[in-house]
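One structure below.
Written out as structure tokens, the structure reads:
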């Protein structure tokens, strides 16, 4: 049996039991709320992970690039929402996927892009399925649910024979929350404004079958989802320290970690140098402005038990500096001798995963399996 | 002829003319200073880039992983310094490279690791070449040049029949500087302490042929390098906004950029949404604490002219938010309509390059060539 003992470091480990628990928890909550679940696969970009999500009950997937759409369509998944505003120049790629049989849905949030999509679709004789992105919290993209632009975009698409498939919103501002009441408020606002947009389209005689909302925090915080047909979430599959600080997971739920080796010390400073730098952890410092700053990650034993008070405080490309979060450990070289192997829990699972060509999936019996992930565009 | 007009976005562009100028400038400076130059290839991880460095006069390379060593050895480069403290568990990999003919040099900065290397080398009957890492500025790894540990490590290695190849230091604290006098002081300190370590080893009857120092800022700031035999530097090949703030390059020297497309707006906020998020730029926020914070990057036209005052202010995975650095541009949607293509200059070329499977090298005539890079360990 091959275990993590055989791995060179740094390596990205996935605790399969935790991942399955995270998947089961989210799917159960979606079932309780009575909505379909469409996981965002940008977190893992990894087929075995997505297959586990589908096996648990997910219906379709969300992607952040057309490359993801192509890869997962080739693996047999047909119902795919590309949840980044469609760049007109990429319409031929989207069309090619549809003509191969992919039920690809694209999104837009402007009159200009809607006109480009409508014009392209008409020229190609293809009724592209388009969803309208709604701005539910002002954090990024989307059309306001209450203005004229929403109906204008709907009429342009519908009038040109495109399939108006629904509305979607992502309340990314939920990442800034840290208490359950605030999360519930953001979740309810995301639901209410997205449903409002759908109702306005329908009242104007336009179709709007899908009402899609979601982010990991709002998906887990929502108390009801009246009017919503589906939820999207991504990072829940692994969770991470940012989500821990937001309050939607425990440290013990985090399924992704980076295996590393101690390669040196600066004893008088209380530093252990490890071979997980930012290349292995990513430069993501998402916990920097949260209630608890974990530096570049929280230190655990090789078997995954958190070591209270130790963080990866700073990082160069292939060097990490590990120390007590508060104060100097005078005994650092004896506590973590050269060769000691540790796991580091990441701030942001999407960013850390992206640094690695492969996840090493650790099963319940400790056996590992290499799960490739892809990158690029 | 294929030009960048044919590229989908986001894409990592290398301006080959600027890169060649950067390479020529550094090599000329090293020639003036009378030292060999050993570029750090962790910045590009790309064979055509390294071949250009070698063609300009570089002697050997520096790598940050044994994977880099293997890749570049397979491409015909024999003299390789692996400049991260040797983890004893990786000694068999290093030995395998040497037995294939690679003149691999490994480094250590502790008695414990030196003993492990000596013991392994003796057991294998192999005189591994080891350099001792010196701490010249307290920023990370290395042995103090003045203490007993230096001589102890030297005696362990030499006594066991290892080849004591030299000393090396990296004054990473130079990245925190922003004026020429401070840079010169750091460069002189790096030189002085590394030479001091070499002289102590020699005075103790130990060999120390190589005296290796370097970082891009200190390499360019050093006024003389008496006692030094070689310099290492990496990021100079592309430069970036961090190096601009440090004061060792102009914006016009930056050879790496990310080509992106405008995909939407939030007009009342003065935002253009582009398809270069942190996946394309990296999460590196190296300019955050410098004299000028460029957010996630400085905005340029598609042909590379800086657009004064516009930055990529924030980033999600595949979304960037572009706006004026100060104030709101009421005309953002007309200034940068949907479909507009722009280039973003990165904070940190090493981190941004690592997000891309390939560089698109743009020649003087505008013709592009795909230059693959590798990643992982």
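Residue numbers (the working numbering), protein chains in the order written: chain A, 22 to 398; chain B, 22 to 398. Quick reminder that beta carbons are idealized off the backbone N, C-alpha and C, glycines included. Here the structure is a predicted model, which is why all the values come from computation and not from measurement.
message: Suppose only complete runs of 3+ residues qualify. What are the beta strand (DSSP E) ranges in the segment 264–323 of chain B, listed by chain order?
response: Counting only unbroken stretches of 3 or more residues, the beta strand (DSSP E) elements lying wholly within the segment 264–323 of chain B are 277–287, 292–295, 319–322, in sequence order.
- prompt: Under 7 Å Cβ-Cβ, which residues of chain B neighbour residue 338 of chain A?
  reply: Locating residue 338 of chain A in the first chain gives position 317, where the first residue counts as 1. Under the 7 Å cutoff, chain B gives 63, 85, 371.
message: DSSP three-state label for residue 56 of chain A, please.
response: As a first step, residue 56 of chain A is located in the first chain; it is residue number 35 there, counting from the start. Looking at residue 56 of chain A - three-state DSSP - the assignment turns out to be coil, as it is neither helix nor strand.
- prompt: Given a threshold of 16 other Cβ atoms within 10 Å of its Cβ, counted over all protein chains shown, does residue 286 of chain A qualify as buried or as exposed?
  reply: Taking the first chain and counting its residues from 1, one reaches residue 286 of chain A at position 265. Flag for residue 286 of chain A reads buried.
message: Give me, in chain order, the residues of the same chain whose beta-carbon lies closer than 6 Å to that of residue 71 of chain A; leave out the 5 immediate sequence neighbours on both sides.
response: Residue numbering aside, residue 71 of chain A sits at position 50 when the first chain is read from its first letter. So the list reads 62, once near-sequence residues are dropped.
query: Does the distance from the C-beta atom of residue 102 of chain B to that of residue 83 of chain B stay below 8 Å?
result: If you number the second chain from 1, residue 102 of chain B lands on position 81. If you number the second chain from 1, residue 83 of chain B lands on position 62. Against a cut-off of 8 Å, the Cβ pair of residue 83 of chain B and residue 102 of chain B comes out as a contact.
query: In whole angstroms, what separates the C-alpha of residue 353 of chain B from that of residue 214 of chain A?
result: Position 332 of the second chain holds residue 353 of chain B. Position 193 of the first chain holds residue 214 of chain A. When rounded, the distance between both Cα atoms is 26 Å.
- prompt: Are the beta-carbon atoms of residue 283 of chain B and residue 361 of chain B separated by less than 8 Å?
  reply: Working through the second chain from its first residue, we reach residue 283 of chain B at position 262. Working through the second chain from its first residue, we reach residue 361 of chain B at position 340. In contact: residue 283 of chain B and residue 361 of chain B (Cβ atoms closer than 8 Å).
- prompt: Sorted by chain position, which residues of the same chain lie with C-beta nearer than 6 Å to residue 230 of chain A's C-beta, five sequence neighbours on each side aside?
  reply: For this step, residue 230 of chain A is matched to residue 209 along the first chain. Counting only Cβ-Cβ distances below 6 Å, and skipping sequence neighbours, we find 187.
query: In this structure, does DSSP put residue 215 of chain A in helix, strand or coil?
result: Along the first chain, one-based indexing puts residue 215 of chain A at 194. The answer is helix: DSSP assigns residue 215 of chain A an H, G or I state.
field: Buried versus exposed, by CB contacts within 10 Å (16 or more), residue 266 of chain B
entry: Along the second chain, one-based indexing puts residue 266 of chain B at 245. Counting Cβ neighbours within 10 Å, residue 266 of chain B comes out buried, since at least 16 surround it.
query: Looking only at its own chain, which residues have a Cβ that is under 6 Å from the Cβ of residue 387 of chain B, when we skip the five neighbours before and after it?
result: Position 366 of the second chain, counting from 1, holds the residue named residue 387 of chain B. Closer than 6 Å at Cβ, skipping near neighbours: 24.
- request: Helix, strand or coil for residue 334 of chain B, going by three-state DSSP, please let me know.
  value: Mapped onto the second chain, residue 334 of chain B falls at position 313. Strand at residue 334 of chain B.
task: Starting from residue 286 of chain A, find everything on chain B with Cβ-Cβ shorter than 8 Å and list it in chain order.
output: Against the first chain, residue 286 of chain A aligns to sequence position 265. Going along chain B in sequence order, the residues near residue 286 of chain A (Cβ under 8 Å) are 131.
- prompt: When the cut-off is 8 Å and only beta carbons count, does residue 300 of chain B lie next to chain A?
  reply: The sequence position of residue 300 of chain B within the second chain is 279, counting from 1. It does: the Cβ of residue 300 of chain B has a partner Cβ on chain A nearer than 8 Å.
task: List the residues of chain B that residue 359 of chain A touches, going by C-beta distances under 8 Å, in chain order.
output: Stepping through the first chain from its first residue, residue 359 of chain A is reached at position 338. Within chain B, the residues near residue 359 of chain A are 108, 109, 131, 133, 134, 137.
- prompt: What span of residues does the alpha helix (DSSP H) with residue 258 of chain B cover, start to end?
  reply: Within the second chain, the letter at position 237 stands for residue 258 of chain B. From DSSP, residue 258 of chain B is part of no alpha helix (DSSP H); its letter is neither H nor E.
query: Using the C-alpha atoms, what's the distance from residue 256 of chain A back to residue 315 of chain A?
result: In the first chain, residue 315 of chain A corresponds to position 294, counting from 1. In the first chain, residue 256 of chain A corresponds to position 235, counting from 1. When rounded, the separation of the alpha-carbon atoms in residue 315 of chain A and residue 256 of chain A is 18 Å.
field: Residues sharing a beta bridge with residue 61 of chain B, DSSP
entry: By one-based count along the second chain, residue 61 of chain B stands at place 40. According to DSSP, residue 61 of chain B bridges with B:83.
message: Applying the 10 Å Cβ sphere with the 16-neighbour rule, what's the burial state of residue 251 of chain B?
response: Residue mapping note: residue 251 of chain B aligns to position 230 of the second chain, counting from 1. By the neighbour-count rule (16 or more Cβ atoms within 10 Å), residue 251 of chain B is buried.
- request: Note the first and the last residue of the continuous alpha helix (DSSP H) segment covering residue 140 of chain A.
  value: Along the first chain, one-based indexing puts residue 140 of chain A at 119. Unbroken alpha helix (DSSP H) run through residue 140 of chain A: 132–145.
query: Would residue 282 of chain A count as contacting chain B if we go by Cβ distances under 8 Å?
result: Within the first chain, residue 282 of chain A is the residue found at index 261, counting from 1. By this cut-off, residue 282 of chain A is an interface position.
- prompt: In chain B, what lies closer than 7 Å to residue 396 of chain A by C-beta?
  reply: Here residue 396 of chain A corresponds to residue number 375 of the first chain, with the count starting at 1. Within 7 Å Cβ-Cβ: 378.
query: In this structure, does DSSP put residue 163 of chain B in helix, strand or coil?
result: As a working note, residue 163 of chain B is residue 142 in the second chain. Coil at residue 163 of chain B, not helix or strand.
query: Helix or strand or just coil, what does DSSP make of residue 187 of chain A?
result: As a working note, residue 187 of chain A is residue 166 in the first chain. Note: residue 187 of chain A maps to strand in three-state DSSP.
query: Does any C-beta atom of chain A lie closer than 8 Å to the C-beta of residue 162 of chain B?
result: Sequence index remark: in the second chain, residue 162 of chain B carries index 141 (1-based). Judged by the 8 Å Cβ criterion, residue 162 of chain B is in contact with chain A.
- prompt: Residues of chain B with a CB under 8 Å from the CB of residue 105 of chain A: which are they?
  reply: If you number the first chain from 1, residue 105 of chain A lands on position 84. In chain order: 284, 296, 339, 340.
message: Under 8 Å, Cβ to Cβ, is there at least one residue of chain B near residue 193 of chain A?
response: The residue given as residue 193 of chain A occupies position 172 in the first chain. Yes, residue 193 of chain A counts as interfacial toward chain B.
message: Within a Cβ cutoff of 8 Å, which residues of the same chain sit near residue 55 of chain B, ignoring the five residues on either side of it in sequence?
response: Looking up residue 55 of chain B in the second chain gives position 34. Same-chain partners within the cutoff: 246.
Residues near residue 78 of chain B in its chain [Cβ-Cβ closer than 6 Å; skip 5 each side]: Within the second chain, the letter at position 57 stands for residue 78 of chain B. Excluding its 5 nearest sequence neighbours in each direction, residue 78 of chain B has C-beta neighbours in its own chain below 6 Å: 48, listed in chain order.
message: Quick check on residue 121 of chain B: does DSSP put it in helix, strand or coil?
response: The residue you call residue 121 of chain B lines up with position 100 of the second chain. Note: residue 121 of chain B maps to coil in three-state DSSP.
task: Spell out a yes or no on whether the segment 221–239 of chain B and the segment 285–303 of chain B are touching, meaning 3 or more CB-CB pairs, one atom from each, closer than 8 Å.
output: no
- request: Indicate whether residue 189 of chain A and residue 152 of chain A have their beta-carbon atoms separated by less than 8 Å.
  value: Position 168 of the first chain, counted from the first residue, corresponds to residue 189 of chain A. Position 131 of the first chain, counted from the first residue, corresponds to residue 152 of chain A. In this structure, the beta-carbon distance from residue 189 of chain A to residue 152 of chain A falls below 8 Å.
query: Name the DSSP bridge partner or partners of residue 129 of chain B?
result: Here residue 129 of chain B corresponds to residue number 108 of the second chain, with the count starting at 1. Looking at the DSSP assignment, residue 129 of chain B forms a beta bridge with B:153.
Buried or exposed (CB count within 10 angstroms, at least 16 for buried), residue 390 of chain A: Within the first chain, residue 390 of chain A is the residue found at index 369, counting from 1. Exposed.
Contact the segment 111–128 of chain A vs the segment 137–154 of chain A: 3+ CB pairs below 8 Å: yes
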